[in-house]
Amino acid sequence: MNDFGLSIWGNSNFIIENGKVCINSASKPAIIDIVKEIRDDGYRGPLLLRFPHLIQKQIEQIHASFAKAKKEFAYEGKFNAVFPLKVNQYPGFVKNLTSLGKPYNYGLEAGSKAELLLTMAYNNDGAPITVNGFKDKELINIGFIAAEMGHNITLTIEGLNELEAIIATAKERFKPKPKIGLRIRLHSTGAGIWAKSGGIHSKFGLTSTELIEAVNMLKKANLLDHFTMIHFHLGSQISEIHPLKKALIEAGNIYAELRKMGATNLKAINLGGGLAIEYSQFKEASSRNYTLNEYANDVVYMLKTITEQKKEIQPDIFIESGRFISASHALLVAPVLELFSQEYTEEKLNLKKNNPNLITELIDLYNSIKPSNALEYLHDAIHHTESVLTLFDLGYVDLQDRSNAEVLLRLIGKKAVVMLGNKSNSSDLEKIQKEVQERYLVNFSIFQSLPDFWGLKQNFPIMPLDRLDERPTLPASIWDITCDSDGEISYNDETNPLLLHDVDVEKEDYFLGFFLVGAYQEVLGMKHNLFTHPTEATIELTPQGYEIKDLLESQSILDIMEDMDYDVYEIQDTLNERLEKSELINDTQKKQVLGELYLFLNDNSYLKTIN
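Using full-length UniProt numbering, you'd call the opening residue of the sequence shown number 1 and step up by one each time.
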């Protein structure tokens, strides 16, 4: 059975039962059953399913790993975690995070005015708030207001001009003040796609010279007691553990030096984000070389070792892991609309009484192919078809001959795949699959729902929701419904050897699941072709099975246009006027068309009449 790498990336969140992807819980509900229940209520197009229990699982795992590491190494500092809102600001995630994170005092991180105001509204009482990124006077003022409201907030300084603004604001406002953190610019860099987030040439942080100046400025302003944290960030999705160890040594030494300069309230090191998850569904392309327990052990051990050597107190540990907490909680489900080779059937052949020799040879190959010669015959068929195309360009064969050659080539390829499909580890099958690829048209937008694939070629696990007790044989390239050639996830026998089933979607539904899409994909998604955020639902597990909650349909076309700053009343009035002026239909027909336009404008953009 092909488990589509579930044992690699799944983290025991899902299992396969009776050929279906199921939630790994006591009742084992099948994802396909949840999808069909939602669709029975009339919802079509892609669905984003949220699983709050997976948020809770990640929170529990991260706290358990650090608790275990602290106990093993007798670490005296506290452990704290905050979630960076930039990773997912959607209420369907944030509200669940703050509710489920309350027992752990789980906090939030903000990087803008809007995010900070959001944290002030939804963060749990007493849970930490950290504020990173560039700040103006207004944002700093909001930070002071948060402190005045009683929030446990730390403003992390990215540059000395921000510190000057904080010092000035402290003189103007009331007694409560936010804590102050300094972002340090390490020489150490991370590893992976986002490694440039760290290092001496990174976008953020203070150099050694600026750190010394910052401490002196705080002393002069009598604010040194408010300096409690240093912060660094090596980049998202750190693929290797060694750069983190190197960064911890550097940060630990800076921590000790700053305390020696008089910053005695400096008692925390914020590691930022970067804790990776496994996206790859193929062993050959692993996303990380470490486990969560290894990460926690290394952080705790390295900081304890350095502070003991420097004879300093062991700092509280803060992390800002966003991807690790949120990625697994969201699953995109989209129906397959069409397999493009379905048009290549024997019924589409229109053979002549006297066919060109190459067509006759293709017919013979099709009729006589067998497992022992499948690869050879496929290569012959490819060669013959290329020859037919050349002859067509020269005017020696007609369009019907060309059509027959294309149909026969596809039929021979599918026959070869079926013949060798039951042979495990068949090298011939692998070679054939490189030659014969199926194109699956799927009702979703890559630009909206998987922007990191489009922008960074970040792979996401993909698998059908059922038929998993049948062997998939077709090498699959996935096409979205946007009018853009970049909207494709191509088959690649090395990096993306995805095989799917040969299914007639006119007779039965076939749904694909795109997993681990809960981090960044929603907030980075773009409205290319005006396809917007898909319909979403929250799935809560119950002793009996599950409950569908917070079902929110994808935006209507009018709502999308309004978001694009169109005057929707003007659009409706203009459509009505142009319809009224039409002399091509009568008044009764105009009333019907007007009703149809109203329905279309108030529906979403995804394809519905097909699937």
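Where is the CB? At the ideal position from N, CA and C, for every residue including glycine.
{"Item": "For Y396, count neighbouring C-beta atoms within 10 Å of its own C-beta (all shown protein chains included) and say buried if the count is 16 or more, exposed if not.", "Value": "exposed"}
{"Item": "Can you tell me whether T482 is buried or exposed? The criterion is at least 16 other CB atoms within 10 Å of its CB, across all chains shown.", "Value": "buried"}
{"Item": "Does the separation of the CB atoms of G518 and F93 fall below 9 Å?", "Value": "yes"}
{"Item": "If contact is defined by three or more beta carbon pairs under 8 Å, each pair taking one atom from either stretch, is the region 263-280 in contact with the region 311-329?", "Value": "yes"}
{"Item": "What alpha helix (DSSP H) runs, 4 residues minimum, are completely inside the region 135-218?", "Value": "137-148, 160-172"}
{"Item": "May I have the straight-line CA-CA distance separating M229 from I238, to the nearest angstrom?", "Value": "22 Å"}
{"Item": "State buried or exposed for H501, treating a residue as buried only when at least 16 other CB atoms are found within 10 Å of its CB.", "Value": "buried"}
{"Item": "In the structure shown, what three-state DSSP assignment does T495 receive?", "Value": "coil"}
{"Item": "Taking the Cβ atom as the reference point for each residue, do T461 and L6 lie within a distance shorter than 9 Å?", "Value": "Here the sequence assigns Pro to residue 461, which means Thr is not the residue at that position. The answer is yes: Cβ separation under 9 Å."}
{"Item": "Would you check if there are 3 or more beta carbon pairs closer than 8 Å linking the region 62-73 to the region 297-313?", "Value": "yes"}
{"Item": "Check the C-beta distance from Q458 over to G525 and give it rounded, since I have them as a contact under 8 Å.", "Value": "No, Q458 and G525 are not in contact; Cβ-Cβ is about 13 Å, not under 8 Å."}
{"Item": "Between F511 and A334, which are expected to be in contact by the criterion C-beta below 8 Å, what is the C-beta distance as a whole number of angstroms?", "Value": "7 Å"}
{"Item": "Which same chain residues end up closer than 8 Å to E138 when comparing Cβ atoms and leaving out the 5 residues on each side of it in sequence?", "Value": "K113"}
{"Item": "Since E547 and E540 should fall inside the 8 Å C-beta cutoff, what is the C-beta to C-beta distance between them, to a whole number of angstroms?", "Value": "5 Å"}
{"Item": "Going by DSSP, what residue range makes up the alpha helix (DSSP H) through N96?", "Value": "91-101"}
{"Item": "Thinking C-beta only, is L339 closer than 9 Å to D504?", "Value": "yes"}
{"Item": "What first and last residue would you give for the beta strand (DSSP E) that runs through F444?", "Value": "Note, F444: premise wrong, no beta strand (DSSP E); not H, not E."}
{"Item": "Buried or exposed: R586, going by 16 or more other Cβ atoms within 10 Å of its Cβ?", "Value": "Sequence inspection shows Asn at residue 586; the Arg mentioned does not correspond to that position. N586 is exposed by the Cβ-count criterion."}
{"Item": "Only counting the same chain, and skipping five residues up and downstream in sequence, which positions put a Cβ closer than 6 Å to that of P356?", "Value": "V397, D401"}
{"Item": "Could you have a look at G107 and say whether DSSP puts it in helix, strand or coil?", "Value": "strand"}
{"Item": "Please work out which residues of its chain come closer than 7 Å, Cβ to Cβ, to E109, disregarding the five sequence neighbours upstream and downstream, and give them in chain order.", "Value": "V82, F83, P84, L85, T130, N132, E320"}
{"Item": "How is D316 classed by DSSP in three states: helix, strand or coil?", "Value": "strand"}
{"Item": "Could you have a look at H379 and say whether DSSP puts it in helix, strand or coil?", "Value": "helix"}
{"Item": "Given F515, which residues of its chain have a CB within under 6 Å of its CB, disregarding the five upstream and five downstream residues?", "Value": "L331, P461"}
{"Item": "For the ligand ADP, I want to know if I254 counts as a neighbour, meaning its beta carbon is within less than 8 Å of at least one of the ligand's heavy atoms.", "Value": "As far as ligands go, the structure on display features none, and thus does not contain the ligand ADP."}
{"Item": "Return the chain-ordered ranges of every beta strand (DSSP E) run that is complete within the region 244-275 and spans a minimum of 3 residues.", "Value": "268-270"}
{"Item": "Leaving out the 5 sequence neighbours to the left and right, which residues in its chain are closer than 7 Å to L579 when beta-carbon positions are compared?", "Value": "K590, V593, L594"}
{"Item": "In angstroms with no decimal places, state the Cα-to-Cα distance between H53 and H329.", "Value": "8 Å"}
{"Item": "Kindly give me the distance between the Cβ atoms of Y104 and I59, rounded to whole angstroms, as I take these residues to be in contact under 8 Å.", "Value": "6 Å"}
{"Item": "Which complete alpha helix (DSSP H) runs does the region 29-95 hold, if anything under 4 residues is left out?", "Value": "31-40, 52-72"}
{"Item": "Rounded to a whole number of angstroms, what is the C-alpha to C-alpha distance between L351 and I412?", "Value": "16 Å"}
{"Item": "Which runs of the beta strand (DSSP E) fall wholly inside the region 3-29 and span at least 3 residues, in chain order?", "Value": "14-17, 20-23"}
{"Item": "Note down the Cα distance separating T345 from S490, rounded to an integer number of angstroms.", "Value": "24 Å"}
{"Item": "Is it buried or exposed for Y43, if we count other Cβ within 10 angstroms and need 16 for buried?", "Value": "buried"}
{"Item": "Let me check one thing: in DSSP terms, what residues is M463 bridge-paired to?", "Value": "G513"}
{"Item": "May I ask you to report which of helix, strand or coil DSSP gives I481?", "Value": "coil"}
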